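So the structure is just underneath, and the comments pick up after that.
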Amino acid sequence: MILLILLIITAYLINLVFPWWAIAITGLILGFQMKPASGKAFGIGFLALFLLWSGQALYVHLANDGILSTRIAEMLGVGSPILVISITGIIGGLVSGLAVLSGSLLKKNFSKK
Amino acid sequence: MNYLKTLISSLILVVLIVSLNTQFGSVPPIGKFVDPQAGFWANAETSIPESDQLSIDDFDGNASVYFDERRVPHIFAENEYDLYFAQGYVVARDRLFQLEIQTLDASGRLSEKIGDRALNRDKETRRRGMPYGAEKALEMMKQDSKTWEIVNAYADGVNAYISSLEPKNYPVEYKILDFAPEKWTPIKTAHLLKNMTRTLAGGNSDDRTSNTLEYFGAEFIEKFFETKPELNDPIIPPSRKWDFEGIPVQAPDTLFKSASAVELGEYEKPEGVGSNNWAVSGSKTKSGYPILTNDPHLSLTLPSIWYEVQLNAPGINSYGVTLQGTPGIVIGFNENVAWGVTNVAADVMDWYEIKFKDESQKEYWHDGKWKSTTMRIEEIKVRGQETVLDTVIYTHHGPITKTESRINEERKPAYHALRWIAHEGSNDIKTFYGLNRAENYDDYVEALSHYVAPAQNFVFASNEDDIALWVNGKFPNKWEFQGRTVSDGTDPLYDWQGWIPFEHNPHIKNPERGFVSSANQESAAPDYPYYLDDDFAPFERGRRINDLLASMEDITAKDMQNMQMDNYSYYAATLLPSLLEWIDAENLDENAQKILQLMKEWDYDMEAEEIAPSFFRQWSGNFYRAVLYDEYETTDAVLRYPSRDRFVEIIKADPDFDFFDNVATEKIETRAEIVTESFNESVEELTNYLGEYGDKWKWGYFINNDVAHLADIPGFGRNNLFSSGSSEAINATRGGFGPSWRMVVEVGPEVKGYGVYPGGASGNPGSPNYDSMIEPWRTGELFELNFMKEKPKEYLYKLEIR
Chain A
2 MILLILLIIT
12 AYLINLVFPW
22 WAIAITGLIL
32 GFQMKPASGK
42 AFGIGFLALF
52 LLWSGQALYV
62 HLANDGILST
72 RIAEMLGVGS
82 PILVISITGI
92 IGGLVSGLAV
102 LSGSLLKKNF
112 SKK
Chain B
123 MNYLKTLISS
133 LILVVLIVSL
143 NTQFGSVPPI
153 GKFVDPQAGF
163 WANAETSIPE
173 SDQLSIDDFD
183 GNASVYFDER
193 RVPHIFAENE
203 YDLYFAQGYV
213 VARDRLFQLE
223 IQTLDASGRL
233 SEKIGDRALN
243 RDKETRRRGM
253 PYGAEKALEM
263 MKQDSKTWEI
273 VNAYADGVNA
283 YISSLEPKNY
293 PVEYKILDFA
303 PEKWTPIKTA
313 HLLKNMTRTL
323 AGGNSDDRTS
333 NTLEYFGAEF
343 IEKFFETKPE
353 LNDPIIPPSR
363 KWDFEGIPVQ
373 APDTLFKSAS
383 AVELGEYEKP
393 EGVGSNNWAV
403 SGSKTKSGYP
413 ILTNDPHLSL
423 TLPSIWYEVQ
433 LNAPGINSYG
443 VTLQGTPGIV
453 IGFNENVAWG
463 VTNVAADVMD
473 WYEIKFKDES
483 QKEYWHDGKW
493 KSTTMRIEEI
503 KVRGQETVLD
513 TVIYTHHGPI
523 TKTESRINEE
533 RKPAYHALRW
543 IAHEGSNDIK
553 TFYGLNRAEN
563 YDDYVEALSH
573 YVAPAQNFVF
583 ASNEDDIALW
593 VNGKFPNKWE
603 FQGRTVSDGT
613 DPLYDWQGWI
623 PFEHNPHIKN
633 PERGFVSSAN
643 QESAAPDYPY
653 YLDDDFAPFE
663 RGRRINDLLA
673 SMEDITAKDM
683 QNMQMDNYSY
693 YAATLLPSLL
703 EWIDAENLDE
713 NAQKILQLMK
723 EWDYDMEAEE
733 IAPSFFRQWS
743 GNFYRAVLYD
753 EYETTDAVLR
763 YPSRDRFVEI
773 IKADPDFDFF
783 DNVATEKIET
793 RAEIVTESFN
803 ESVEELTNYL
813 GEYGDKWKWG
823 YFINNDVAHL
833 ADIPGFGRNN
843 LFSSGSSEAI
853 NATRGGFGPS
863 WRMVVEVGPE
873 VKGYGVYPGG
883 ASGNPGSPNY
893 DSMIEPWRTG
903 ELFELNFMKE
913 KPKEYLYKLE
923 IR
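Each protein sequence line maps, in turn, to chains A and B.
Its first residue numbered 2, the first sequence is counted upward by one per residue in my numbering.
Its first residue numbered 123, the second sequence is counted upward by one per residue in my numbering.
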């Protein structure tokens, strides 16, 4: 739970300054430091960024009356702005999940030495 | 084992990030794109912009920009530099992508940003000499210190905005197409203006006319293209007497025949690039002061081609619309005068068949000797690929295009040089600079004297109760019919031998009838001493405007607004009664009888709510094709089709016109048979396309009016607008095309303007302001334009630029 919250906060902050893929850096570091069980690492990482990105997207969607998300949905051919929000969450989640997993695996390699 | 897992997991992570950060084909880099902080989500407008004070490095001026409730910027500056700097700044702020993509297109540089899918377009743009012409225009602009100052001020303003951006603030189109905005330079202004010439005067039918002459003969040409319909009503009415002689020009003894049927396809003149404008004098208005209107018909896109703005500085207080990339206002008004434009269809683009000495193309035959060509190497950068070098050969006529004829047996390529007005140096901005500041008729004429292309019918009204119209531009002085067919590139008599002096351009001031008007029809009556073209818009819109204006008195601005929405079709009024007379009604089934009855009751208004316009469109189209296609389309060469209005006249006058017969059948078809057949065919087609006869057949649907995004990005346009109108009606709305700005201005002690365009000030698809005027435009509602005499106390928000 702490990992989840830390992931969300650090990803949000780093993304204010660095490009989107910087969320992988905080994921790697936190995965390395907090060493979650490999089985859980991906899931927590995924959930964190899914919540963060889809939450941010949902906020913008509502504040914008869905004007842009509806257009993007049509552009991407996905039909509904809700799907655009979900895709946003899933992409953030995938990157973060893999980053946390890689970080935790890396830690294990180090600890064995 | 763990090492392997770690390796695999990290590898997948890297591959994922790289893929999500890369553009594949037309799919944007998806990770970057959906990033809530810097991806497209950042473009969603979540609140109305707030007032702001901007301190800009390298700018020591002072401008205040007030945005009204429609977010139209009203710019107040202390000098001209600051004024045009601020204009560049706010235009970039609202329309950066449009600003850039239009000039990339005009300079043949699209491939550089979007890859090889634009390569053919870029090649074509360069081969017709667009960048060449822009370079010449730039030289002219440099020579005029005032023009040079304002295009540079504008560029500085655009650049100040661009340098304030971080990637997350780029307009969403940049994120989709994945490139970054580049610096603005004055030549881009020249590119933009050349692009207007391409849009409005970038086509001809020289090849088609040559072929038609060859296949159908001189008599056919005379009958269909030289004889004007009886209802033709030239822009400068026949009552105008000319107090000058034309400058003589020598014509060849016999007309050149091109070597073989040719096809210069890309350059065909599209129908429908047209517009209306008119002005009525105080004698015909309720207020006693003139009223001026204008509605230029162009491709309807989002964002709109136009941007509304007010410019205020010492010496100028002007309101109107402008093109992105042009400092100043193109169509508008100030405290004293109003002006507007429609296109002139003069022939300012000709093809010359070239005789080269040998394959090296280094020399060509002209005026009895071999002359040297020059080479221009066009370097086209292509995103993700090697740069393409395209060598274009230039003669003194202009750039060469190679065509492979499909027809002549040897399939020998033919070479044609293009002589085009866009290749002339020009400083058209100077005209708009003058018009923005004009106080009276003389100022207007002085401003027009600097104008080159695309030639426009400039309508004018002033609070001194003057109205006027100049058919204006730089026109080659041609012998009759020069350049309507492919020209002889070896004979100097086919060259553009000189120009019509500006003072000789067709014009009229304060005519007795109390109004002036133009709708792209013939410029002047036959006694005008120069030849301009044999191909103008059909009489329909022009005649309708003149009919209405002649019958009106005590005119108000509201009357003029209503008139802009007039949907009366002269085409239907002249053709339909005859079709109904000729049809063999006994051969129609019950359903068809119902439709026939509907057609008989119709008042020729192309109203969205009615079904008859849909059926008329289909039926008249099928009839036209049934008469002409069997002859036209079975001929090897591409041919020039007659205009609607003359066609109607001929088929009415000549029941035995031999084109009625379908050459594909043994039987000799009669007019009645063709009419009846095309009627039944139309019922069948509409049923297949729209379903059973009923409400779905309404014209508002069938007109298929889509306002697409400028770069055709799906979801960014507004489709299926239920609209009235037709290309032959004053309200010339048709699918994706039509009145791109409707303006009515009442001059007088207190000038009052009204206007609307289908779009909104903002070019951001994530803003409610992006398409907020589409609905008012559709229903013909014009907004009262907020012309401010001084800085306003109330506004939506403001920007102070320091």
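Every residue gets a Cβ at the ideal spot worked out from N, C-alpha and C, and that includes glycine.
Quantities reported herein were computed from a predicted structural model and do not represent experimental measurements.
Over what stretch of residues does the alpha helix (DSSP H) that includes residue i continue unbroken?
i      : result
T809/B : 793-812
P253/B : 252-265
V79/A  : Looking at the DSSP string, V79/A is not in any alpha helix (DSSP H), and its letter there is neither H nor E.
D669/B : 662-673
D767/B : 766-775
V431/B : Not the alpha helix (DSSP H): V431/B falls in the beta strand (DSSP E), residues 428-435.
E341/B : 340-343
Excluding sequence positions up to five away, which residues of its chain have a Cβ less than 8 Å from the Cβ of residue i?
i      : result
L511/B : I499, E500, E501, I502
A74/A  : G80, S81, P82, L84, V85
How far does the beta strand (DSSP E) with residue i in it reach, from first residue to last?
i      : result
I589/B : 589-594
G454/B : 453-456
V459/B : 459-465
V514/B : 510-516
K874/B : 874-878
Measure the Cβ-Cβ separation of residue i and residue j and say whether it is below 9 Å.
i      : j      : result
Y919/B : M895/B : no
D417/B : A854/B : yes
A641/B : I453/B : no
P660/B : Y693/B : yes
D278/B : D180/B : yes
K716/B : Y811/B : no
E234/B : P303/B : no
N354/B : D776/B : no
G98/A  : I45/A  : yes
P633/B : S361/B : yes
T607/B : L335/B : yes
L7/A   : A100/A : no
Is it buried or exposed, residue i, if we count other Cβ atoms within 10 angstroms and call 16 or more buried?
i      : result
G839/B : buried
V638/B : buried
T798/B : buried
S403/B : buried
S889/B : buried
Y276/B : buried
Q740/B : buried
G595/B : buried
Q432/B : buried
D706/B : exposed
T444/B : buried
Just to check, is the beta-carbon of residue i closer than 8 Å to a non-hydrogen atom of the ligand GDP?
i      : result
A883/B : With respect to small molecules bound, the structure shown includes none, and the ligand GDP cannot be examined in it.
Leaving out the 5 sequence neighbours to the left and right, which residues in its chain are closer than 7 Å to residue i when beta-carbon positions are compared?
i      : result
R217/B : P425, Y429, Q446, G885
W704/B : R793, A794, V797
D190/B : H196, N908, Y917, L918
Q220/B : P425, Q446, L832, G885
CB-CB under 6 Å to residue i, same chain, minus the five flanking residues each way: which ones, in chain order?
i      : result
P576/B : M318, T319, L322, A323
R968/B : Residue 968/B is absent from the model: chain B starts at 123 and stops at 924.
E561/B : N458
N193/B : First, the residue type needs correcting, since residue 193/B is Arg and not Asn in the sequence shown. Here the set comprises A883, N891.
D174/B : L921
F378/B : D610
L720/B : A734
For residue i, decide whether its Cβ has a neighbour in chain D, counting only Cβ atoms nearer than 9 Å.
i      : result
L287/B : The chain labelled as chain D is not found among the protein chains of the depicted structure, namely A and B.
Kindly confirm or deny that the stretch 570-584 of chain B and the stretch 328-348 of chain B touch, where touching means at least three C-beta pairs closer than 8 Å. Taking one beta carbon from each stretch, the stretch 570-584 of chain B and the stretch 328-348 of chain B have fewer than 3 pairs nearer than 8 Å; the two do not touch.
Do the stretch 605-623 of chain B and the stretch 430-440 of chain B make contact, defined as three or more Cβ pairs closer than 8 Å? no
Would you call the stretch 191-209 of chain B in contact with the stretch 473-486 of chain B, where contact means no fewer than 3 C-beta pairs closer than 8 Å? no
Contact the stretch 725-739 of chain B vs the stretch 816-830 of chain B: 3+ CB pairs below 8 Å: yes
Using a Cβ distance threshold of 8 Å, determine whether the stretch 679-689 of chain B contacts the stretch 647-654 of chain B, with at least three qualifying pairs required. no
With a cut-off of 8 Å, do at least 3 Cβ pairs link the stretch 127-143 of chain B to the stretch 153-167 of chain B? yes
Would the stretch 556-574 of chain B and the stretch 290-299 of chain B be scored as touching if the rule is three or more Cβ pairs under 8 Å? no
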